[in-house]
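Accompanying notes for the structure given below.
Residue numbers (our numbering), protein chains in the order written: chain R, 1 to 191; chain E, 1001 to 1264.
The following block contains the structure:
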């Protein structure tokens, strides 16, 4: 009992490490919004969520962002918070669907739901929280105008999150089909 | 992969290096808040003096600190010009290509980009002078009160230190795997998104499998050495608030007091 708890801790720690490493390999997708970057750091969180519970996925998302901040020098804490929120909005639906229904089909449904929840959730959060905070830090009032915010959300943030959800989801699905037996064997050894 | 700086820490023995990491985190936290209160030449001057004083006290070469700030330079310059163009206050100083530049805009642009610069400079001081492990220890201590509401502070800190320990290892491993794949003709750096997606999967599979192996070995090794969770565990590096930390707090309080005196 005790040892499986410790093993769980070390596994979550190593998965967070992979997430941080993958965060370094990021790339922009929309040329006009170069600050919105895609990386595959949600994949380890998804694996944690499948192996254990959705909470484990949230832990990996949190650790990943804290470590990334510490490691790169705390340049952009708001970016880390928004990445954390986006991660949760994506990862929790996917893993919940998987635990409820199992199988590849439940993952596909989960990824679709996760992408939608991330796109809508991040749109709302950006409109009401992150864009106003950024505009306050940089003191650019124009950035907090409703029309400008609306344009940024509809032209930049929502399309970006949909693309991100699809890309990360597809990579994860391919990876899952390759690792499926391995994941299920590991899963069985923890229960 | 080579252009990633592995950690920001610069070893040293300056007064800033020797401060308790908790002191640094708390001071920087409040600095980030109070920097928004500056609104006059004198108050900005005070903060500039404080920040550069800290930067000099770290005894790290200024070029090195500046190099760490490179990703933000562009943003600072961008903010400056945006304010220069958008603001329409004060008198017209001069016109560039029949575009009037106002005196208010110049002041606005300078003060906002200066504030931005100070924020980044001071926060980068933490990671420049503190090892990630020290930061983790400090976070564990600062979050101690949360234990009362059953928040697993020790477990989180343990995961953070394990994770930090393995970042360089896994970075190396990723590089090794990607080189092995590249030698077989895989291209990670360019090409359309579809090809990048195909390239990442063969990178992830060995990474996950080896990470699990490491996690299992580590858990077994910890178990064998009698790890039993956070209760009653002693520390190799004890954090102690010393007189230099108290003086730092006092000095910072004086700076903040002066900041409010010099506000317009």
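Even for Gly, the Cβ is constructed at its ideal location relative to N, Cα and C.
Taking 8 Å as the cut-off, the beta carbon of residue 64 (chain R) is found no closer than this to the beta carbon of residue 117 (chain R). By a beta-carbon distance limit of 8 Å, residue 91 (chain R) contacts residue 46 (chain R). Their separation comes to about 6 Å. The Cβ atoms of residue 69 (chain R) and residue 80 (chain R) lie closer than 8 Å to each other. Taking each of R:157, R:61, R:71, R:34 in turn and checking the Cα distance to residue 120 (chain R), the smallest one comes out for R:157. The beta carbon of residue 97 (chain R) sits closer than 6 Å to those of 106, 109, 110, all from its chain and outside the five residues before and after it, given in chain order. For residue 28 (chain R), DSSP records a beta bridge to R:37. Residue contact check for residue 170 (chain R) against chain E: a CB pair falls below 8 Å. Judged by beta-carbon spacing, residue 1035 (chain E) lies beyond the 8 Å limit of residue 1165 (chain E), meaning their Cβ atoms are not closer than that value. The three-state secondary structure of residue 1027 (chain E), taken from DSSP, is helix. Here residue 1260 (chain E) has 1037 as same chain residues with Cβ atoms under 8 Å from its own Cβ, once five neighbours each way along the sequence are excluded. Per DSSP, residue 1121 (chain E) is one residue of the alpha helix (DSSP H) stretching across 1103-1129. Secondary structure at residue 1100 (chain E): strand, using DSSP grouped into helix, strand and coil. With the criterion set as a beta carbon lying under 7 Å from some beta carbon of chain R, the members of the stretch 1203-1218 of chain E are 1204, 1205, 1207, 1208, 1211, 1212, 1214, 1215, 1216, 1218, in sequence order. Leaving aside the five residues that flank residue 1039 (chain E) on each side, the residues in its chain whose CB is nearer than 7 Å to its CB run, in chain order, 1263, 1264. In this structure residue 1021 (chain E) touches residue 1134 (chain E) by the C-beta definition: roughly 4 Å separates them, less than 8 Å. With a cutoff of 8 Å on beta-carbon distance, residue 13 (chain R) and residue 1163 (chain E) are scored as near each other. When the alpha-carbon of residue 77 (chain R) is set against those of E:1101, E:1100, E:1029, E:1168, the nearest one is in E:1029. Residue 1201 (chain E) reaches chain R at 171, 174, 175, 178, counting residues in chain order whose Cβ is nearer than 9 Å. If you keep only unbroken alpha helix (DSSP H) runs of at least 4 residues inside the stretch 109-141 of chain R, you get 131-138.
In this structure, DSSP gives residue 1094 (chain E) an extended state, which the three-state scheme calls strand. Under a 10 Å Cβ-count criterion, residue 83 (chain R) is classified as buried, with 16 or more other Cβ atoms of the shown protein chains found around its own Cβ. Annotation for residue 1031 (chain E): 1122 place their beta carbon closer than 7 Å to its own, counting only its chain and skipping 5 residues before and after. Among the CB atoms of chain R, none fall inside 8 Å of the CB of residue 1102 (chain E).
Residue 100 (chain R) and residue 61 (chain R) have their alpha carbons spaced roughly 21 Å apart. Interface flag for residue 118 (chain R) against chain E is unset, since no Cβ pair is found closer than 8 Å. A distance of 8 Å or more separates the beta carbons of residue 171 (chain R) and residue 1220 (chain E). In summary, residue 1062 (chain E) is exposed, with fewer than 16 beta-carbon neighbours lying within 10 Å of its beta-carbon over all protein chains present. Rounded to whole angstroms, the separation of the alpha carbons of residue 18 (chain R) and residue 1015 (chain E) is 35 Å. Taking a Cβ-Cβ cut-off of 7 Å, the neighbours of residue 10 (chain R) in chain E comprise 1162, 1215, 1218, 1219, given in sequence order. Between residue 1127 (chain E) and chain R, the shortest Cβ-Cβ separation is below 8 Å. Within 10 angstroms of the beta-carbon of residue 1144 (chain E) lie fewer than 16 other beta-carbons, which makes it exposed.
Annotation: residue 1064 (chain E) to residue 1057 (chain E) spans about 14 Å, alpha carbon to alpha carbon.
By the neighbour-count criterion, in which a residue is buried when 16 or more other Cβ atoms sit within 10 angstroms of its Cβ, residue 1172 (chain E) is exposed. DSSP places residue 68 (chain R) in the uninterrupted alpha helix (DSSP H) bounded by 54-72.
Cβ proximity to chain E below 8 Å picks out 59, 63, 66, 67 from the stretch 48-67 of chain R.
Listed by position along chain E, the residues whose Cβ is nearer than 8 Å to that of residue 40 (chain R) are 1200, 1204.
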